[in-house]
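Student: Just so you know, we're using this note's numbering here: the sequence shown kicks off at 10 and counts up by one.
Virtual Cβ for every residue (Gly too), placed ideally from N, Cα, C.
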Amino acid sequence: MTGAAIAKRRYSSEQLQAALATVAEIIVAHGDAYLPIFERLERELDGAVERELTLERVKNAARIAQQTRNKRVTKSRHEPQNSLLSA
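1) Could you compute how far the alpha carbon of Leu-44 sits from the alpha carbon of Tyr-20?
2) If I follow the unbroken alpha helix (DSSP H) through Ser-21, where does it start and stop?
3) Specify the secondary structure class of Gly-56 as computed by DSSP and reduced to three states.
4) Going by beta-carbon coordinates alone, are Leu-54 and Gln-26 separated by less than 8 Å?
5) Starting from the C-beta of Val-32, find all residues in its chain whose C-beta is less than 7 Å away, skip the five residues before and the five after it, and write them out in chain order.
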């Protein structure tokens with residue numbers, strides 16, 4: 010993978026948390042030279058968590074929309090049709 014391809018890859022919050030823990034251990038053992046990596050991982054984690062929360066809101070909105078459509082279809086099936094009443 011090229012550097013650009015790696016940069017575009019999305020990591021889960023769990024993967025990023027594991028990476029943060031590993032980098033933290035390295036920083037404690039070897040000094041703060043790796044601090045920029047830790048800070049970048051923190052930013053990536055914030056973004057991943059925000060994306061995951063947004064996707065949950067999207068799924069909830071889609072579920073509500075589907076339930077609303079299902080209720081309208083069910084309700085319209087049980088109501089008498091106007092054309093039948095006028096005959």
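Tutor: The answer reads as follows:
1) 20 Å
2) Unbroken run through Ser-21: none, as it is neither H nor E.
3) helix
4) yes
5) Tyr-43, Ile-46, Phe-47 and Leu-50
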